[in-house]
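Single-structure report; data block below.
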Amino acid sequence: MEYSLVSQLNSKRLYISEIDLENDLAKVLSESERNGMNVSDFVNWLQSSKQYNMLEYIEGDLTPEIAHKIVKSEYFKVLAEFLDYE
């Protein structure tokens, strides 16, 4: 079985994004969790004014259920490990 570089790094407990934070986050969330935006629009929105829009999303839309989904996803393994989360 051939492993990607990301998989190889993850096996050594080194975690990097598949693409970047915004794209990984967009992959984890459903369209409704992205406020009805498609993946591309959500990524562009987050990246257009990264700090402001990320804080707006966290303060206005991030629920405990969405946070749990993010932490449990393969894209954010580092969070689960950092938080000792199961």
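Residues in the sequence shown are numbered consecutively from 1, following full-length UniProt numbering.
Glycine is no exception: its CB is placed at the ideal position from the N, C-alpha and C atoms.
As the structure is a prediction and not an experimental result, all values here were calculated from the model.
Between His68 and the set Trp45, Asp84, Ser17 and Leu55, the nearest pair of CA atoms involves Asp84. Between Asp24 and Tyr75 a beta carbon distance of about 4 Å is seen, short of the 8 Å cut, so the two are scored as contacting.
Per DSSP, Asn35 lies in no alpha helix (DSSP H) and is assigned neither H nor E.
Between Val43 and Ala26, the C-beta spacing is below 8 Å.
The alpha carbon of Arg34 has as its nearest neighbour, out of Leu55, Ile19, Leu62 and Leu21, the alpha carbon of Leu62.
Secondary structure note for Asp24: its alpha helix (DSSP H) is the uninterrupted segment Leu21 to Val28. Listed in chain order, the non-local C-beta contacts of Ser17 below 8 Å within the same chain comprise Asn23, Asp24 and Tyr75, local neighbours out to five positions each way being set aside.
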